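2 protein chains.
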Amino acid sequence: MELTGKSVVVTGGAGFIGSHIVDSLVARKNRVTILDDFSTGREEFVNRSAGVALVRGDLLDQDLVDRALAGHDFVFHFAANADIKDNLKHPRKNVEQNVVATQNVLEGMRKHGIKDIAFSSTGSVYGEPEIFPTPETCPFPIQTSLYAMSKVAAEGMLTSYAIGYEFRTWIFRFVSMLGPRYTHGHVIDFWRKLRKDPTRMEVLGNGLQQKAYCHVLDCVDAIFTVVEKTSGPINIYNLGHTDTLVVNDSIALICAELGVKPKLEYTGGTRGWVGDSPLIMLDTTKLRALGWAPKHSLRDAVVDTLRFLDENLHLAEIG
Amino acid sequence: MELTGKSVVVTGGAGFIGSHIVDSLVARKNRVTILDDFSTGREEFVNRSAGVALVRGDLLDQDLVDRALAGHDFVFHFAANADIKDNLKHPRKNVEQNVVATQNVLEGMRKHGIKDIAFSSTGSVYGEPEIFPTPETCPFPIQTSLYAMSKVAAEGMLTSYAIGYEFRTWIFRFVSMLGPRYTHGHVIDFWRKLRKDPTRMEVLGNGLQQKAYCHVLDCVDAIFTVVEKTSGPINIYNLGHTDTLVVNDSIALICAELGVKPKLEYTGGTRGWVGDSPLIMLDTTKLRALGWAPKHSLRDAVVDTLRFLDENLHLAEIG
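Protein chains in written order, with the numbering used here: chain A, 851 to 1169; chain B, 851 to 1169.
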């Protein structure tokens, strides 16, 4: 579909991926409204250009959502609880912030006659699949985390609204994203630990977990490629490198960049945490068929992330 | 696992399937607490035996849920919004009554250290699958209704709690159930219409939709078979006849039983409503391998339903 000239709401527009979406929209001369509660979004990521409005608040506040959506044509719904590792510490958070909040956005859209929505889902929806690389058509054998469950539910809402209310939806099943503005995940965890003590480091699991990644700028490029080249009611795409990094290789890369040689202490087991998937490797044939290819290697993505962190040392104190 | 001697909560225990579960538990000498808000449950279905407690109220009331669960060992969570046909008229109902309410039950169980839960899911989770009969391992290609989405979400919560909090769960993906205490679905819709006007009847869709059914007493029998013969953390079973009835055949059967010959007026299209699945045919090999087989034919199930309705004419006035 054609995004040019559209007025766009970006929920989570002050967050890691959402703020890059906003930057791209601004570069494309779209009018943008950011809706963010700054629970994980950051003031310094907010695009301050003319033509960008900022609405602060919680997606659980339906009136606020309704007001933010008024007068817009398209929604990038990227606000979410993205904390998969600690999902068992706050079991309601995923239902509230990823399921109920998503329905609030959809109901706000219905109220204002907005029909088009792009959504940040996750490769974790496949649980522990039996097919690698995992295509979009793979079964979801069993949901192993409340985070992934909440994304499956949100996807189901989006497709039901597409079928029931004639919405159009673009669903992206992300691998782990890296790059500038990255504020949570294993690279920052390792970076924080090594800043505190470069001589030793605890590693969750056995270090053999293997996951796909992607540079956030390649991610944004892929999202715009898909949205602009497809226009059916339901568009579901895996998004990321099909290549993977093993946790131990990722650690070696980080240590080399930081110039440290810590003694590694493994907590053991094939999973980093309960519900962790030991292998995430997505089939991105469908996405690549649209002409997209990543411009950043996984190594570059890790290095770019570390460079960003080193330029933003205050992030070491958070979380 | 062994149900004997267990204290059991049945949510939706005044409803169609839940009340039969209660009756079976009473016959097995289990102590039972019914938790029901009587939104679709009915006073006349409540088992009034000694040893059966009744708690009236809404699963969205967490305090009430917590109180009802105290002192019990096992939960049959069968309360739900089961209205699939009109899901687009009240889009929030499925999230509230099937997703949030299910999490309230799970959180109440965590509070009281209850670990075991059986759950009424649906064959609709498969959306419009490409494999017939559809096995439990089939992909969920796309959710076509908010009802099915909510059951997928609830299943994902149950499996995440099994993995994350060491729960055990028995998930049943039901076909359409028939038999005594049946109060919603196409048989009662046709019965009501034909009582009002036996000369003509509107049929949603083209009459060629083909669906699997099961007699509720066979359903209850299957549920107890599975719960008693399995004890892993996650047990997922399709439940019903693999045989199907075409809507037109079902109508012919109903008309023959009622002795009427209406002119049929089709609304047209392959689906009865938006999100309707034109073909539901589940593979029940996994269930049958445990020794279960239905005792009632689909014809008997329809006839038993009509007999129940004719003995409960006041049901014609509801809904």
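Glycine included, every Cβ here is placed at the ideal spot set by N, Cα and C.
Just so you know, these numbers come straight off a predicted model, no measurement behind them.
With a threshold of 8 Å between beta carbons, R1157 (chain A) makes no contact with chain B. Straight through space, the alpha carbons of G1055 (chain A) and V1053 (chain B) are spaced by roughly 58 Å.
DSSP places V1124 (chain A) in the coil class of the three-state scheme, outside both helix and strand. Taking CB atoms only, E893 (chain B) has no neighbour in chain A less than 8 Å away. Restricting attention to B:F924, B:A918, B:I871, the CA atom closest to the CA of K965 (chain B) is found in B:F924. Each residue's CA atom was taken as its position, placing Y997 (chain B) and V949 (chain A) some 14 Å apart. What E957 (chain A) touches in chain B, judged by beta-carbon distance under 8 Å, is P941, R942, going in chain order.
Annotated three-state conformation of E1167 (chain A) is helix, per DSSP. Chain order gives the chain A residues near S995 (chain B) as S1010, where near means a beta carbon separation below 7 Å. Counting the other CB atoms within 10 Å of its CB gives A1143 (chain B) a total below 16, which places it among the exposed residues. In the three-state reduction of the DSSP assignment, D966 (chain B) falls in the strand class. Within the segment 1130 to 1148 of chain A, not one residue has a Cβ closer than 7 Å to any Cβ of chain B. Comparing C-alpha distances from K1113 (chain B) to each of B:F982, B:F1017, B:R1050 shows the shortest one belongs to B:R1050.
Using a Cβ-Cβ distance cut-off of 8 Å, the segment 1127 to 1142 of chain A and the segment 980 to 998 of chain A are in contact, since at least three pairs of beta carbons, one from each stretch, lie closer than that value. V1124, G1125: these are the residues of the segment 1116 to 1129 of chain B whose beta carbon lies less than 7 Å from some beta carbon of chain A, given in chain order. Following the DSSP letters along the chain, one finds T1009 (chain B) inside the alpha helix (DSSP H) bounded by residues 996 to 1015. In the structure shown, Y1063 (chain B) adopts extended strand secondary structure according to DSSP, grouped into three states.
With 16 or more other Cβ atoms inside 10 Å of its own Cβ, S1026 (chain A) counts as buried. Ranked by how close their Cα comes to the Cα of E1167 (chain A), the residues A:K1046, A:E1107, A:L1137 have A:K1046 in first place. Listed along chain B, no residue sits closer than 9 Å to L1095 (chain A) by beta-carbon distance, the nearest being about 25 Å off. F1024 (chain B) sits in a strand when the DSSP states are folded into three classes.
Exposure of R1157 (chain A) is indicated by the presence of fewer than 16 other C-beta atoms within 10 angstroms of its C-beta.
Beta-bridge partners assigned by DSSP to V925 (chain B): B:V859, B:I967. Within its own chain, no residue has a Cβ closer than 6 Å to the Cβ of S1147 (chain A) once the five positions on either side in sequence are excluded. Listed along the chain, the chain B residues whose CB falls inside 8 Å of the CB of G1055 (chain A) amount to none; the nearest CB is some 15 Å away. No Cβ-Cβ contact shorter than 8 Å links G1125 (chain B) with A1062 (chain B). The alpha-carbon of H870 (chain A) is positioned some 22 Å away from that of T1092 (chain A). Rounded to whole angstroms, the Cβ separation of G862 (chain B) and F928 (chain B) is 4 Å, and the two are in contact under 8 Å. With fewer than 16 other beta carbons inside 10 angstroms of its own, E894 (chain A) counts as exposed.
Bounds of the alpha helix (DSSP H) holding A1102 (chain A) are 1097 to 1108. If you look at E1052 (chain B), you'll find it in the beta strand (DSSP E) that goes 1050 to 1053. The three-state secondary structure of T1033 (chain B), taken from DSSP, is coil.
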